[in-house]
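As structure tokens, the structure follows; a few thoughts come after it.
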Amino acid sequence: MNGAPLPERKKKPAGALRAIRLHGYASGDAFAGQRAVAEGNFLARELTVLPPNELTPGSYRRRVRELARQRGWRHEEYDVKRLRKMGAGAFVAVAQGSAEADAAIVHLSYRHPRARKSFALVGKGICFDTGGHNLKPARSMQGMYKDMNGSAVALGILAAAAALKLPARLDCWMAIARNDIGPRAYLQSEVVTALNGTTIEIVHTDAEGRMVLADALTLAARAKPDLMVDFATLTGSMHTAVGERYSGVFATSERLARAALLAADGSGERVCVFPQDEDYDEDLESAIADVKQCTMEGAADHILATRFLKRFVGDTPWLHMDLSAAKCKGGLGAVATDINGFGVAWGVEFLKAMLR
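So in our numbering, the last spot in the sequence shown is 356, and the numbers never skip.
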């Protein structure tokens with residue numbers, strides 16, 4: 001897991017581990033499985049640490065396109081022009097603030113010939129988050145190039161699962177954009193219409209993650225997967241709730257919640273299950289639209305964000321992970337770097353359990 005150095009721009013970068021010798025270890029298959037997970041984890045971390053002038057939405061899309069070509073995955077892109085024509089107003093509202101029209105929802109597909117179940121992995125890919133017109137202060141904006149971590153985790157799970165040849169149909173949906181401030185950036189009090197027809201009252205432009213995920217989840221749900229899982233560094237309130245050693249999960253059934261906890265035990269990536277009862281919806285009632293994007297108060301925003309997102313998954317069984325553990329000072333578990341790729345090992349373990 002820690003053998004390869006992450007990208008850095010120092011004159012004397014860290015050296016890579018040259019070799020590992022294993023003595024008294026018989027099963028090569030088990031090691032190959034761990035290697036696939038480690039490589040998926042490293043892919044997620046490598047992308048997440050790239051600075052925002054190197055990982056723009058455009059360069060991110062090119063990197064993913066090349067990866068799909070190398071791995072033999074099917075690849076499709078929904079750019080801003082196409083999404084606007086389709087009526088994906090939630091994603092477009094965020095993307096339109098950028099000077100470059102390089103945002104897109106990227107769709108990757110892996111198919112095993114003996115697949116019996118289909119899974120959708122959805123990830124938030126905000127390559128930099130200024131907060132928009134509700135501009136973040138400097139302390140809060142520092143490090144906001146890592147706000148694309150959820151999409152990198154989804155991509156890392158896809159890479160690991162494909163390397164392991166898991167007998168499944170896997171679709172990865174990456175909502176790649178920036179949340180910039182500018183004359184075309186979306187404003188408080190606007191009402192926008194999402195891809196599934198839901199009208200949304202904008203309350204705070206820094207709640208952009210749930211906006212881009214709304215349309216990505218709608219696209220993913222239209223493909224009718226057996227199960228949908230999304231990953232996002234979504235709310236500060238989740239970080240307040242559990243700190244940076246756990247991530248929070250929300251599930252549409254008790255069975256999925258139990259499976260999430262078992263996958264945490266099996267992978268060493270710890271999660272805490274949170275409630276999402278319907279009466280929380282009262283806080284998102286709008287006088288002028290179907291739903292408010294969030295509240296100004298911010299209380300229980302991790303729960304309210306989940307209730308918001310649930311409007312876009314339809315009847316699809318769904319699990320949402322709020323990645324409060326995406327960054328942990330000093331590393332976390334087996335990973336020695338602050339950016340730890342949390343979710344990749346959990347995701348592989350979870351998919352294996354769902355296939356069983």
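Glycine included, C-beta positions come from ideal geometry on N, C-alpha and C.
Where do the ends of the alpha helix (DSSP H) carrying residue i lie?
i	result
Lys81	Val80 to Met86
His204	Element bounds for His204: n/a, residue is neither H nor E.
Trp346	Val344 to Leu355
Val242	Gly236 to Val242
Ala163	Asn149 to Ala163
Leu67	Pro57 to Arg71
Gly89	Gly89 to Ala95
Met1	Note, Met1: premise wrong, no alpha helix (DSSP H); not H, not E.
Ser140	Ala138 to Met141
Report the partner residues of residue i according to the DSSP bridge assignment.
i	result
Asp215	Answer is none; Asp215 lacks a bridge partner.
Ala177	Ile126
Cys328	DSSP, once it has assigned bridges, lists no residue as partnering Cys328.
Phe119	Leu170 and Leu227
Phe250	His320
His107	Glu76 and Trp173
Cys272	Gly248
Ala232	Asp322
Which word fits residue i, buried or exposed, when buried means at least 16 other C-beta atoms lie within 10 angstroms of its C-beta?
i	result
Lys12	exposed
Ser324	buried
Ile288	exposed
Thr56	buried
Arg45	buried
His302	buried
Glu208	buried
Measuring alpha carbon to alpha carbon, tell me which residue in the options is nearest residue i.
i	options	result
Met174	Pro5, Glu100, Ala260 and Asp147	Asp147
Ala445	Gly15, Glu54 and Pro5	Any property of residue 445 remains undetermined from this structure, which presents the chain solely from 1 to 356.
Arg210	Arg255, Arg63, Val313 and Val348	Val313
Cys328	Leu22, Leu170, Ala207 and Thr233	Thr233
Ala216	Phe342, Val153, Gly125 and Tyr145	Gly125
Phe42	Asp281, Lys10, Arg84 and Ala152	Ala152
Gly150	Arg9, Gly341, Val106 and Leu304	Gly341
Phe274	Thr337, Leu256 and Ser267	Leu256
His107	Ala93, Val122 and Arg114	Val122
Does the beta carbon of residue i come closer than 8 Å to any beta carbon on chain C?
i	result
Ser98	Looking at the structure shown, chain C is missing, and only one protein chain is on hand.
So the beta strand (DSSP E) residue i belongs to, where does it begin and stop?
i	result
Leu307	It is Arg, not Leu, that sits at residue 307 in the sequence shown. Looking at the DSSP string, Arg307 is not in any beta strand (DSSP E); the run it does join, the alpha helix (DSSP H), is Asp301 to Lys310.
Val335	Note, Val335: premise wrong, no beta strand (DSSP E); not H, not E.
Val191	Val191 to Thr193
Just checking, does the segment 284 to 303 make contact with the segment 178 to 187 on the three C-beta pairs under 8 Å criterion? no
Contact between the segment 66 to 86 and the segment 132 to 152: three or more CB pairs below 8 Å? no
Count the C-beta pairs between the segment 150 to 169 and the segment 235 to 248 that are closer than 8 Å, then say yes if the count reaches three, no if not. no
Count the C-beta pairs between the segment 187 to 201 and the segment 56 to 74 that are closer than 8 Å, then say yes if the count reaches three, no if not. As far as the Cβ criterion goes, the segment 187 to 201 does not touch the segment 56 to 74, which means the pair count is below three.
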